[in-house]
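Heads up: the structure comes next, in structure tokens.
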Amino acid sequence: MNCLKRMNTAFLVVILTVSVAGAVDWPQFRGPTRDGLSPETGLLKKWPAGGPKELWSVDGLGVGYSSVAVVDGTIYTTGMIGKEGVLFAFDLKGNPKYKV
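Going by the working numbering, the sequence shown opens with residue 17, and the numbers climb by one from there.
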């Protein structure tokens, strides 16, 4: 499958997933209402000294800039590996689910 078809397929998967997303998800750039504000309650008002604890990180996403979307317990992000755009999906603990 060529790069354009793979990116179109990945885009379609994300759009279909986002269309059924609930209010607690972060389904698009800058959140549910695209303003960077979370509707969640009980969040920190101020970061602790030294910043928040890093829970996990992932290497090997290629190059480029991307935001993440979180829908139904799956984290989506993209990167360029070689000349191909790749959509990555992870569970909430950072374990890979799939890539296309």
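Think of the CB as a built atom: it goes at the ideal place given N, C-alpha and C, for glycine as much as any other residue.
Spatial neighbours of residue i in its chain, beta-carbon cut-off 6 Å, leaving aside the 5 residues before and after
{"i": "ILE97", "result": "GLY78"}
{"i": "LEU71", "result": "none"}
Beta-carbon gap between residue i and residue j smaller than 8 Å
{"i": "PHE104", "j": "THR94", "result": "yes"}
{"i": "PRO55", "j": "PRO48", "result": "yes"}
Buried or exposed by the 16-neighbour rule on C-beta atoms within 10 Å, applied to residue i
{"i": "LYS113", "result": "exposed"}
{"i": "GLY76", "result": "exposed"}
{"i": "VAL116", "result": "exposed"}
Proximity to residue i [Cα-Cα], best of the options
{"i": "LYS109", "options": "SER54, LYS99 and THR90", "result": "THR90"}
{"i": "TRP42", "options": "LYS115, GLY101 and VAL87", "result": "VAL87"}
{"i": "VAL74", "options": "LEU59, VAL84, GLU56 and GLY52", "result": "VAL84"}
{"i": "GLN44", "options": "VAL116, ALA65, LYS61 and SER82", "result": "SER82"}
{"i": "GLU158", "options": "TYR92, ASN111 and GLY80", "result": "Residue 158 lies beyond the residue range present for the chain, which begins at 17 and ends at 116; the question has no answer from this structure."}
Spatial neighbours of residue i in its chain, beta-carbon cut-off 8 Å, leaving aside the 5 residues before and after
{"i": "ARG46", "result": "GLY52 and SER83"}
(request) Could I get the ranges of all uninterrupted beta strand (DSSP E) runs contained in the segment 78-109, with 3 residues as the minimum, in chain order? (result) 85-87, 90-97 and 100-107
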